[in-house]
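Shown next, in structure tokens, is the structure this report addresses.
Printed below as a string of structure tokens:
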């Protein structure tokens, strides 16, 4: 994480000129243009994610298990007890686990077409329809994280699987087709180009400095909160307004190396960040993604590859400039976003239950 910030960004919530910042982790530029927005503290979602009717039921609710695609496992595992978490196949998968994968190849760059083999799973985070992730306790969020870990380890045993993406869509405009709280996992037979580019950028920084870019202590102006094992920050060159990264304090290349203690610790900080985002930004639709390393990462990449969790509130629409250039415009300076989020008051007792 960048230690130094531009001198023009030294004072939170001050008047600023536009600025371009280099995102060292994703190796791209971001334009910061505060004139395109209201004050950061006034920015709210124009289309909040609606809270469902408490009496509403859907295929993800307890008692409707027969309406879902096949179950992979549940938590707790005893089928005779009440479940808290279910991991199931996606009824409308992007990739198919039931077709043959292409023969293993070390030269996938030469391939133009591959069979659509892969896995697409759904993690149902609660048996109750109106309960969402911020409503869960830290330990319950930790259990969801450990369910991700368990499924990743299962998928890692499939030789042709190279990368597993864990993600959550909350709200229709963020891509959620079901209002019942859930997240998804897609296991791919390739390493997506954006992942390869991120690894290359992180290795370049390591080669230049001898340090992992995410092990660097961030500026206090970018810090939102912290826990025993994790910190939450607005990244120095945040692509999106009020984007948050939760980063392990100690170097770790793979999310699935997390243990139970760290899962609960991360669960508490993730819950806190989602509560802050909801309170400050009018319950916006959001996505979160776990950015981890490829399953068969090279030994030389381990010292510079560091996993993190990214939270992206959906406050603006990506336009033609961004699509055409892959250079994003953010109307809120990271220091201002971090300042606003730090000021959001959340009852600490509420965090435990």
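Numbering (UniProt numbering), first residue to last: 1 to 353.
Even glycine gets a Cβ: it sits at the ideal position worked out from N, Cα and C.
- If one requires a minimum length of 4 residues, the alpha helix (DSSP H) runs lying completely within the region 103-184 are 138-156, in chain order.
- Contact holds between the region 23-30 and the region 190-204, because three or more Cβ pairs, one in each stretch, are under 8 Å apart.
- Residue pairing by DSSP places residue 191 opposite no residue, since no beta bridge is assigned to it.
- Per DSSP, residue 21 is one residue of the beta strand (DSSP E) stretching across 19-23.
- The C-beta distance from residue 148 to residue 195 rounds to 17 Å, too long to fall under 8 Å, and the pair is not in contact.
- Taking residue 187 as the centre and dropping the five residues before and after it, the same chain places the C-beta of 118, 119, 155, 161, 164 closer than 7 Å to its C-beta, in chain order.
- Between residue 305 and residue 273, the CB-CB gap reaches or exceeds 8 Å.
- DSSP, read as helix, strand or coil, puts residue 200 in helix.
- Runs of the alpha helix (DSSP H) spanning 4 or more residues and lying entirely within the region 258-295 occur at 260-281, in chain order.
- In this structure, residue 244 keeps its C-beta atom at 8 Å or more from the C-beta atom of residue 308.
- Rounded to whole angstroms, the gap between the alpha carbons of residue 136 and residue 295 is 30 Å.
- Counting only runs of 3 or more residues that sit fully inside the region 312-345, the beta strand (DSSP E) segments are 328-330, in chain order.
- Rounded to whole angstroms, the Cβ separation of residue 132 and residue 286 is 11 Å, and the two are not in contact under 8 Å.
- In the structure shown, residue 207 adopts helical secondary structure according to DSSP, grouped into three states.
- Distance from the CA of residue 325 to the CA of residue 319, rounded to the nearest whole angstrom, comes to 10 Å.
- Per DSSP, the continuous beta strand (DSSP E) segment holding residue 74 begins and ends at 71-75.
- Burial of residue 280 is indicated by the presence of at least 16 other C-beta atoms within 10 angstroms of its C-beta.
- With fewer than 16 other CB atoms across the displayed protein chains lying within 10 angstroms of its CB, residue 192 is exposed.
- Put simply, the backbone Cα of residue 78 is about 44 Å away from that of residue 218.
- Within its own chain, the residues whose Cβ lies closer than 8 Å to the Cβ of residue 56, once the five positions on either side in sequence are excluded, are 129, 130, 179, listed in chain order.
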